[in-house]
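Asker: There's a structure below that I have some questions on.
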Amino acid sequence: MNDNVITVKNLVKYFDGRCVLDGINLKVPRGCIYGLLGRNGSGKTTIIRILLGLEPPTRGRTFLLDAESTELSAKLHGRIGYVAEGHNLIQNYRVGRLIKLCKDLSLQWNDEFFNHLIETFRLPADRKVKELSIGMRAQLNLALAMAIDPELLIFDDPTLGLDTVARRQFLELAIDLIQQQGRTILFCSHILGDVERIADRIGILAASKLVVDCPLEELKERVKKLRVIFPESAPANLHLTEIINQQIQGREMVITAANWNKQKQTILETFKPSSCTEIPMSLEDIFIECTKPNPEYIES
Amino acid sequence: MFALIKREVRDHIVYFIGAAAFSAVFIIMAISILHNYDLRRQPPAFSIVLGIPAITIVIFGICAMGSTQMYLDRTRKISALLSTLAISRNRILLARIITGILAILTLLVPLIITAVILMRFVSFLFPFPMFPGIVFNISVTVFLMAFACYCIGLQAGWNSNPLTPSLGALCLTCILLPLIIVKGFGLHILVILVLFIVASLLRTWHTFMTTSL
Amino acid sequence: MKTLIKGLALNYPVKVFATGLVVLVLLSLPLFWMRFTCETSLFFRMSNEAKGVSIAPSLLVPDELEKDPNVVSPSRASANIRYQRPMSLGIFDYFIARLPGGRFTNVYLFKSYGEWMYFDIKTGQLVHSYLEEQVMPDKTPFRKKVQLYIGPEGVSETADKALGRFINPIIDHGWTDVMQRQSRELMIFDKKLRCFFKIDFNQRTTTKGPKIGKESPVQKPIKIGRLSKNLWLFEDHLSWIPPQIKSSDKNQSNKPIPIIQTYLNHDAGPYLLVLDESGEIGLLDKESLTIAGVSGRLPAPETYFGSKSTVRPRDLLDYEVLPLILTTYFFEDPEEVRMAFGDMSYFFKRKPSRVEKNYLGIFATGVSRDGSALALTVFDEKGKEIESEYTKFNKQEGLRTTPVNSGKAVFFEAPWASTLTIGKYLAENLHPPILSIASYFTASAFEADAGHRALFFLPNSFIAMKGRERPVNFAERFFSALWLILPSIILAILLSIRVSKDAVVVGLSENTRLYWIIGTLAFGLTAYITYRLTRPKITLLTCQNCGRPRRPDMAKCHRCGSKWNVPELIPPAWRVLNGTEQIDDSSTTDEEKTGVE
Chain A
80 MNDNVITVKN LVKYFDGRCV LDGINLKVPR GCIYGLLGRN GSGKTTIIRI
130 LLGLEPPTRG RTFLLDAEST ELSAKLHGRI GYVAEGHNLI QNYRVGRLIK
180 LCKDLSLQWN DEFFNHLIET FRLPADRKVK ELSIGMRAQL NLALAMAIDP
230 ELLIFDDPTL GLDTVARRQF LELAIDLIQQ QGRTILFCSH ILGDVERIAD
280 RIGILAASKL VVDCPLEELK ERVKKLRVIF PESAPANLHL TEIINQQIQG
330 REMVITAANW NKQKQTILET FKPSSCTEIP MSLEDIFIEC TKPNPEYIES
Chain B
63 MFALIKREVR DHIVYFIGAA AFSAVFIIMA ISILHNYDLR RQPPAFSIVL
113 GIPAITIVIF GICAMGSTQM YLDRTRKISA LLSTLAISRN RILLARIITG
163 ILAILTLLVP LIITAVILMR FVSFLFPFPM FPGIVFNISV TVFLMAFACY
213 CIGLQAGWNS NPLTPSLGAL CLTCILLPLI IVKGFGLHIL VILVLFIVAS
263 LLRTWHTFMT TSL
Chain C
0 MKTLIKGLAL NYPVKVFATG LVVLVLLSLP LFWMRFTCET SLFFRMSNEA
50 KGVSIAPSLL VPDELEKDPN VVSPSRASAN IRYQRPMSLG IFDYFIARLP
100 GGRFTNVYLF KSYGEWMYFD IKTGQLVHSY LEEQVMPDKT PFRKKVQLYI
150 GPEGVSETAD KALGRFINPI IDHGWTDVMQ RQSRELMIFD KKLRCFFKID
200 FNQRTTTKGP KIGKESPVQK PIKIGRLSKN LWLFEDHLSW IPPQIKSSDK
250 NQSNKPIPII QTYLNHDAGP YLLVLDESGE IGLLDKESLT IAGVSGRLPA
300 PETYFGSKST VRPRDLLDYE VLPLILTTYF FEDPEEVRMA FGDMSYFFKR
350 KPSRVEKNYL GIFATGVSRD GSALALTVFD EKGKEIESEY TKFNKQEGLR
400 TTPVNSGKAV FFEAPWASTL TIGKYLAENL HPPILSIASY FTASAFEADA
450 GHRALFFLPN SFIAMKGRER PVNFAERFFS ALWLILPSII LAILLSIRVS
500 KDAVVVGLSE NTRLYWIIGT LAFGLTAYIT YRLTRPKITL LTCQNCGRPR
550 RPDMAKCHRC GSKWNVPELI PPAWRVLNGT EQIDDSSTTD EEKTGVE
């Protein structure tokens with residue numbers, strides 16, 4: 080058995096001549112909670128859809144639970160729980176009918192757990208799905224995904240539309256699942272506070288590339304934001320590589336750099352700054368820095 | 063698989079009801095004709111004149127069913143949901159096709175049974191087999207033609223533009239249906255229809271398996 | 000099995016063949032209707048003069064009768080093309096072939112008043128039921144239902160294995176005519192037993208003839224007695240008028256006035272006509288049940304490209320053969336000589352003392368495959384051809400009239416005929432060239448009637464007509480036939496050039512491109528439509544290196560071989576990746592292609 084539940088090799092995807100993904104390489108180990116982040120239209124949902132076999136890749140290969148995505152068997156699908164962006168449910172079905180359908184088509188079904196979820200979320204069985212609010216649809220989708228006791232959970236913005244309480248409930252559920260051995264979660268979300276709370280590993284998409292793919296703690300270590308004050312005006316070029324962002328205002332320079340190490344520190348010190356303080360960054364801050372467009376830093 | 067078929071049947075129950083209703087109407091017409099006409103003298107020509115457009119409407123309905131199944135799937139993203147459950151695209155399409163066959167059989171089986179029974183009564187008028195095998199030949203041909211038109215509906219229906227499934231399927235059915243007039247009910251039409259059906263299904267299968275959901 | 004099915008479904012050649020088959024069927028149908036409409040309209044627009052032919056005097060009536068001074072108009076044999084093209088459509092043919100007397104039924108006769116005859120396959124016997132007029136002891140007439148079982152060994156009122164089994168019988172369908180049934184004799188030929196049988200209903204006996212020998216001119220009879228292709232349709236396509244005599248001169252002589260009759264009873268006097276598979280018409284001696292000689296053969300009509308010397312029954316859309324017999328009635332009292340018609344001796348107040356029937360010869364007609372030409376031939380009692388006439392159209396050229404063979408005239412000599420001919424020609428040229436060429440070689444393989452419902456081969460096309468032309472130099476005939484499908488060949492070449500160019504743009508491999516070129520040359524429009532439906536649906540991008548369109552699902556440009564570069568994307572120079580992965584923002588080295596044929 081492969082240690083990696085999800086493997087993506089040189090994935091390229093074009094939509095009508097527009098490149099969305101350009102050579103993505105990604106591995107999600109078993110038992111990991113992987114937060115895949117990116118701005119709108121960066122290709123997160125596309126990667127997930129390709130992984131699940133809903134979309135064919137233009138080039139490259141993707142593997143899910145040791146099987147290629149284009150050849151996923153029914154059994155493998157039964158081991159994956161998926162919450163789609165926009166909660167793709169059959170709108171004109173009643174909730175009860177949809178539940179019965181999913182139950183009949185699943186390999187295993189945790190009735191007790193599911194009923195508990197339905198009661199917690201207070202979902203009406205006799206109402207049509209299209210008559211539910213967005214939040215209730217999200218809850219229903221979540222409950223259906225979790226009821227099959229999946230080995231792998233894929234969430235595409237699962238808390239979209241959920242109120243604060245429901246979001247907290249979801250997070251607690253997710254944490255419960257984490258504690259169960261061997262479960263893997265891949266999820267995308269724009270609420271980075273939630274991601275920061277539960278994710279082990281982070282991936283960030285920008286300009287069709289996976290620019291970040293490492294454990295969360297390591298990310299925070301490697302991406303540094305520094306406020307540097309120089310005795311005279313700040314130099315235009317610090318001769319440092321992997322600068323994510325740089326802002327100069329008189330003698331003050333705020334610089335965000337990737338893979339900060341001693342070598343870079345030494346180079347900075349050659350400019351004899353008056354002071355150099357680190358600005359702590361949350362995941363959200365790192366994400367904004369990494370995905371903010373900065374035309375000054377064009378690959379030469 | 064049974065759950066999938068049940069879902070398809072329930073979602074398209076109106077076609078089954080229509081098929082059953084048409085079947086009942088045809089049966090009543092057939093019994094009425096036999097009751098009122100002496101077939102030894104002359105078969106009632108109006109039955110053929112009425113029968114042909116009636117069968118045409120029915121076959122258009124079958125085609126529309128195939129078209130609707132695929133169109134609704136595409137617009138409501140039903141297969142996108144189903145293929146994330148413990149089923150493959152193969153089974154989704156197979157369930158769909160089986161549902162189509164069931165609808166055709168809902169229409170034809172009562173008619174065939176009635177025809178066989180009525181032929182037994184008619185055999186009292188004719189002390190020998192007057193048209194041996196005619197019920198079998200016509201039933202098989204009509205079944206295959208209906209299935210072929212259903213396959214056309216499946217191909218044309220996988221489109222997000224509502225005009226293509228309806229007009230496209232209608233045009234192609236109008237082209238295919240007169241094959242019965244050209245070839246009759248013999249072996250030739252059966253071979254053509256079987257090959258057409260196999261080719262159509264292969265094409266539909268390929269489209270469904272490789273398309274994005 | 001699952002893997003096989005999945006593989007088949009996703010395999011490109013399978014997809015192409017499947018699509019091609021669907022396109023071929025759906026394209027052939029409108030082309031069929033276009034050809035059918037043009038051909039039917041051409042036929043209906045033919046003038047009546049071009050659809051009929053007659054021979055007067057008939058040349059079979061003895062001179063002493065034909066040239067009798069009392070004769071005001073000579074005998075005349077006429078034939079008309081009455082075939083209705085829509086009847087050849089499958090749905091009509093299916094039912095007609097299953098009516099009594101049809102080719103797919105074992106029922107020979109069915110009358111609503113209770114008389115019928117059919118062949119029971121299970122017992123191998125013919126079953127005949129009829130109403131027999133009988134008289135009760137108190138002289139009251141009544142009709143008794145009689146059912147007879149007829150086998151090779153005898154006739155009985157009860158089913159009996161001892162009667163034997165027929166295996167594949169052909170009966171004389173002329174017997175189904177009420178007039179002929181008066182003779183109470185039925186002739187049967189069994190194809191498997193290869194001998195003739197005579198059933199005598201009065202004596203209730205079966206007489207078996209000897210097996211057909213190798214020396215017999217008729218080896219494979221297909222019809223006996225009534226030699227007419229379409230029993231149910233188009234009766235009386237061949238008609239006969241005897242010499243017309245002035246009515247006031249009827250009884251001027253005491254000589255018995257013979258009755259000349261060729262009505263639909265198909266009575267050939269002491270003989271029975273037998274039609275062979277080769278088109279030869281034999282004479283069966285009704286007494287000895289052996290073939291006594293040859294009475295003639297089916298005539299070959301003149302078509303657009305001329306006619307063949309011999310023709311088989313399957314090559315004709317319709318045919319009919321009528322024997323001419325001279326019936327002489329002799330009366331003891333010469334004063335009771337009467338003029339009467341036919342064999343209706345029961346019309347006489349007194350029965351003639353003797354009836355003599357002399358066989359004079361036959362009239363045979365044949366209608367060409369496309370229904371546009373008819374030939375009428377007269378054969379004498381020895382089977383020698385005396386006269387032939389062919390349908391013609393008299394074309395007016397100023398003051399002159401030029402007769403044109405109707406097989407040619409149908410295409411150009413009626414109003415709108417040229418337009419319809421061009422329509423037919425265009426419809427034939429939109430058909431796949433390879434099937435048109437196959438139609439040339441299989442031109443005679445189709446039965447004439449079936450040719451009118453052929454979808455994929457075109458037995459009634461111009462090229463097929465050329466294929467049936469009287470054989471000359473094969474190469475010359477074949478290449479001149481290719482001229483007839485020249486538009487189709489040109490269209491195929493143009494389409495294959497287009498396909499070839501597009502295949503290069505779309506990035507198909509060399510082999511695939513070659514197959515498509517060959518396929519388009521062979522199948523023309525069908526292949527082109529198939530190509531358009533199956534070509535890869537990928538949005539092409541401009542290659543930065545060569546500037547030509549390239550496929551994004553290929554790792555390298557299929558034109559110049561350069562790797563990928565996505566200039567509109569400017570990824571950052573940095574990465575925060577786990578491990579020691581290097582940034583490689585140049586095009587990927589992955590050689591894998593997805594969905595590439």
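Protein chains in written order, with the working numbering: chain A, 80 to 379; chain B, 63 to 275; chain C, 0 to 596.
For glycine and all other residues, C-beta sits at the position ideal for the given N, C-alpha and C.
Quick caveat, the model's predicted, so the values are computed rather than measured.
Would you list, in chain order, the members of the region 132-144 of chain B that have their beta-carbon closer than 8 angstroms to a beta-carbon of chain A?
Answerer: Residues passing the 8 angstroms Cβ filter: Arg-138, Lys-139, Ile-140, Ala-142, Leu-143, Leu-144.
Asker: Cutting at 6 angstroms between CB atoms, please list the residues of its own chain near C:Thr-261, excluding the five before and the five after it.
Answerer: In the third sequence, counting from the first residue as 1, residue 261 of chain C sits at position 262. Low confidence applies to C:Thr-261: its pLDDT is 48, below 50, so where it sits in the model is not reliable, and the reading given next is rough at best. For C:Thr-261, where only same-chain residues beyond five positions count, the Cβ hits under 6 angstroms are Trp-239, Leu-321, Leu-323.
Asker: Check for me: the beta strand (DSSP E) holding C:Phe-118 runs from which residue to which?
Answerer: Against the third sequence, residue 118 of chain C aligns to sequence position 119. Taken as a continuous stretch (DSSP letters only), the beta strand (DSSP E) holding C:Phe-118 covers 115-119.
Asker: Can you say whether B:Ala-86 is buried or exposed, counting buried as having 16 or more other CB atoms within 10 angstroms of its CB?
Answerer: As a position in the second sequence, residue 86 of chain B is number 24, starting the count at 1. Answer is exposed; the Cβ neighbour count stays below 16.
Asker: Of the choices C:Glu-63, C:Met-45, C:Pro-151, C:Asp-159, whose alpha-carbon is the least far from that of C:Phe-410?
Answerer: Numbered from 1 along the third sequence, position 411 holds the residue referred to as residue 410 of chain C. Here the closest residue by C-alpha is C:Met-45.
Asker: Is there a Cβ of chain C sitting closer than 8 angstroms to that of B:Lys-68, yes or no?
Answerer: Your numbering for residue 68 of chain B matches position 6 in the second sequence. No, its Cβ sits nowhere closer than 8 angstroms to a Cβ of chain C.
Asker: Looking at chain B, is there any beta carbon in it that lies within less than 8 angstroms of the beta carbon of C:Phe-31?
Answerer: Numbered from its first residue, the third sequence carries residue 31 of chain C at position 32. Yes, C:Phe-31 counts as interfacial toward chain B.
Asker: Could you name each continuous beta strand (DSSP E) segment of 3 residues or more that falls completely within the region 516-575 of chain C, going from the start of the chain to the end?
Answerer: The qualifying runs do not exist here; there are none.
Asker: Checking the sheet assignment: what are the DSSP bridge partners for A:Val-307?
Answerer: Within the first sequence, residue 307 of chain A is the residue found at index 228, counting from 1. According to DSSP, A:Val-307 bridges with A:Met-332, A:Cys-355.
Asker: Could you check the C-alpha separation between B:Ile-242 and C:Asp-92 for me, to the nearest Å?
Answerer: Here residue 242 of chain B refers to the residue found at position 180 of the second sequence. Here residue 92 of chain C refers to the residue found at position 93 of the third sequence. The straight-line gap from Cα to Cα measures roughly 11 angstroms.
Asker: Are B:Ser-129 and C:Val-21 closer than 8 angstroms when you measure CB to CB?
Answerer: Position 67 of the second sequence holds residue 129 of chain B. Position 22 of the third sequence holds residue 21 of chain C. Result no, Cβ atoms of B:Ser-129 and C:Val-21 do not sit closer than 8 angstroms.
Asker: Excluding the 5 residues preceding and the 5 following C:Glu-380 in the sequence, name in chain order all residues of the same chain whose CB lies nearer than 7 angstroms to its CB.
Answerer: Stepping through the third sequence from its first residue, residue 380 of chain C is reached at position 381. So the list reads Tyr-358, Leu-359, Gly-360, once near-sequence residues are dropped.
Asker: For chain B, is any of its Cβ atoms less than 8 angstroms away from the one on A:Asp-95?
Answerer: As a working note, residue 95 of chain A is residue 16 in the first sequence. Chain B contact via Cβ: absent.
Asker: Helix, strand or coil: which one does DSSP assign to A:Ile-270?
Answerer: What you label residue 270 of chain A is simply residue 191 of the first sequence in a count that begins at 1. Note: A:Ile-270 maps to coil in three-state DSSP.
Asker: Just the C-alpha distance for A:Val-333 and A:Ala-253, rounded to the nearest angstrom, thanks.
Answerer: Position 254 of the first sequence, counted from the first residue, corresponds to residue 333 of chain A. Position 174 of the first sequence, counted from the first residue, corresponds to residue 253 of chain A. About 37 angstroms.
Asker: Using 8 angstroms as the threshold, is the C-beta distance between C:Tyr-148 and C:Gln-124 below it?
Answerer: Here residue 148 of chain C refers to the residue found at position 149 of the third sequence. Here residue 124 of chain C refers to the residue found at position 125 of the third sequence. Yes; because the gap between Cβ atoms is below 8 angstroms, this pair is in contact.
Asker: Does the Cβ-Cβ distance between A:Leu-289 and A:Ala-278 come in under 8 angstroms?
Answerer: To locate residue 289 of chain A, count along the first sequence from 1; it is residue 210. To locate residue 278 of chain A, count along the first sequence from 1; it is residue 199. Their beta carbons are not under 8 angstroms apart, which means A:Leu-289 does not touch A:Ala-278 by this criterion.
Asker: Quick one: what's got a C-beta closer than 8 angstroms to C:Lys-438's C-beta in the same chain, skipping five residues either side?
Answerer: If you number the third sequence from 1, residue 438 of chain C lands on position 439. Position check: residue 438 of chain C holds Ser in this sequence, whereas Lys was assumed. So the qualifying residues of the chain are Phe-456, Leu-457, Pro-458, Ser-460, Ile-462, Ala-463, Gly-466.
Asker: In the structure shown, what three-state DSSP assignment does C:Tyr-82 receive?
Answerer: Locating residue 82 of chain C in the third sequence gives position 83, counting from the first residue. Coil at C:Tyr-82, not helix or strand.
Asker: Leaving out five residues before and five after C:Val-354 in sequence, what residues of the same chain have Cβ atoms less than 6 angstroms from its Cβ?
Answerer: Locating residue 354 of chain C in the third sequence gives position 355, where the first residue counts as 1. Tyr-328.
Asker: Are the C-beta of B:Phe-270 and some C-beta of chain A separated by less than 8 angstroms?
Answerer: Position 208 of the second sequence, counting from 1, holds the residue named residue 270 of chain B. Judged by the 8 angstroms Cβ criterion, B:Phe-270 is not in contact with chain A.
Asker: Where in the region 194-228 of chain B do unbroken runs of the alpha helix (DSSP H), each at least 4 residues long, occur, reported from the N-terminal end onward?
Answerer: List check, alpha helix (DSSP H) in window: 196-219.
Asker: What is the DSSP secondary structure of A:Asp-236, counted as helix, strand or coil?
Answerer: Counted from its first residue, the first sequence places residue 236 of chain A at position 157. Reduced to three states, the DSSP call for A:Asp-236 is coil.
Asker: Taking Cβ-Cβ distances shorter than 8 angstroms, what residues in chain C pair up with A:Ala-285?
Answerer: Here residue 285 of chain A is taken as the residue at index 206 of the first sequence, counted from 1. The answer, in chain order, is Pro-570, Pro-571.
Asker: Below 8 angstroms CB to CB, which residues in the same chain sit around C:Trp-515 once its five sequence neighbours on both sides are set aside?
Answerer: Numbered from 1 along the third sequence, position 516 holds the residue referred to as residue 515 of chain C. So the list reads Ser-495, Val-498, Ser-499, Ala-502, Leu-507, Ala-526, Tyr-530, once near-sequence residues are dropped.
Asker: Taking the C-alpha atoms as reference points, what is the distance between A:Leu-168 and A:Leu-265?
Answerer: The residue labelled residue 168 of chain A in the question sits at position 89 within the first sequence. The residue labelled residue 265 of chain A in the question sits at position 186 within the first sequence. Each residue's Cα considered, the two are about 20 angstroms apart.
Asker: Would you say C:Val-154 faces chain B, with C-beta separation under 8 angstroms as the test?
Answerer: One-based indexing of the third sequence puts residue 154 of chain C at position 155. No, C:Val-154 does not count as interfacial toward chain B.
Asker: Compare the C-alpha of C:Phe-522 against each of C:Thr-538, C:Thr-511, C:Ile-433 and name the closest.
Answerer: By one-based count along the third sequence, residue 522 of chain C stands at place 523. If we check each option's Cα against that of C:Phe-522, C:Ile-433 comes out closest.
Asker: Can you tell me whether C:Met-372 is helix, strand or coil according to DSSP?
Answerer: Numbered from 1 along the third sequence, position 373 holds the residue referred to as residue 372 of chain C. Note on identity: in this sequence residue 372 of chain C is Ala, with Met being the wrong assignment. Of the three classes helix, strand and coil, the one that applies to C:Ala-372 here is coil, per DSSP.
Asker: Listing by chain order, which chain D residues have their CB less than 8 angstroms from the CB of C:Thr-533?
Answerer: Absent from the structure: chain D. Protein chains present are A, B and C.
Asker: What in chain A is Cβ-close to C:Asn-10, meaning under 8 angstroms?
Answerer: The sequence position of residue 10 of chain C within the third sequence is 11, counting from 1. Ordered by position in chain A, no residue passes the 8 angstroms Cβ test against C:Asn-10, which lies about 14 angstroms from the chain.
Asker: Look up C:Asn-404 in the DSSP assignment and say whether it is helix, strand or coil.
Answerer: Locating residue 404 of chain C in the third sequence gives position 405, where the first residue counts as 1. Strand at C:Asn-404.
Asker: Look up C:Ser-387 in the DSSP assignment and give the residues it is bridged to.
Answerer: Residue mapping note: residue 387 of chain C aligns to position 388 of the third sequence, counting from 1. Answer is C:Thr-376, bridged to C:Ser-387.
Asker: Determine, using beta-carbon pairs with one atom in the region 125-141 of chain B and one in the region 214-234 of chain B, whether at least three such pairs fall under 8 angstroms.
Answerer: The region 125-141 of chain B vs the region 214-234 of chain B: in contact.
Asker: Please list, in chain order, the chain A residues whose beta carbon lies closer than 7 angstroms to that of C:Ala-554.
Answerer: For the purposes of this step, residue 554 of chain C is taken as the residue at position 555 of the third sequence. Simply Arg-138.
Asker: Given that A:Val-291 touches chain C, what residues does it touch there, using C-beta distances under 9 angstroms?
Answerer: Start at 1 with the first residue of the first sequence, and residue 291 of chain A comes out as number 212. Within chain C, the residues near A:Val-291 are Arg-574, Val-575, Leu-576.
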